[in-house]
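Visitor: Quick one: structure below, then a few questions.
In our numbering, the protein residues as written are 491 to 608.
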């Protein structure tokens with residue numbers, strides 16, 4: 491036996507880094523963030539819009555004007571039909587409408603209306 495072979499047998503073998511998920515070695519690589527917990531299905535904006543149909547919403551336009559009312563319907567272009575609508579400019583009620591139609595390219599955001607807690 492050669493001396494190098496004796497030393498190899500006498501010393502325990504260096505422990506190899508364990509494989510990460512996906513079979514990649516753990517040693518020498520930059521660490522990655524742990525995987526996020528998987529949810530049954532991703533929550534999409536369209537899910538929110540379906541959920542608020544028929545409910546009170548606030549629609550804010552790019553101009554800063556806000557409309558509060560019941561979301562009657564909307565389409566893929568974000569064209570919106572609302573009922574029992576109130577128009578607010580700088581936080582002040584300016585007008586009330588029975589029905590309101592808003593072209594989608596003017597919409598900044600749609601938000602749900604929450605009741606104030608006491």
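Ideal Cβ placement from N, Cα and C applies to all residues, glycine included.
Go ahead and pull the three-state DSSP assignment for residue 554.
Guide: Three-state result, residue 554: coil.
Visitor: Per DSSP, which residues does residue 572 bridge with? Please list them.
Guide: According to DSSP, residue 572 bridges with 561, 590.
Visitor: Since residue 549 contacts residue 592 with CB under 8 angstroms, what's their CB separation in whole angstroms?
Guide: Residue 549 to residue 592, Cβ: 6 angstroms. Contact.
Visitor: Could you tell me the alpha carbon to alpha carbon distance between residue 532 and residue 599, rounded to whole angstroms?
Guide: Roughly 21 angstroms separates the two Cα atoms.
Visitor: Sort out for me which residues DSSP pairs residue 578 with in a bridge.
Guide: According to DSSP, residue 578 bridges with 556, 583.
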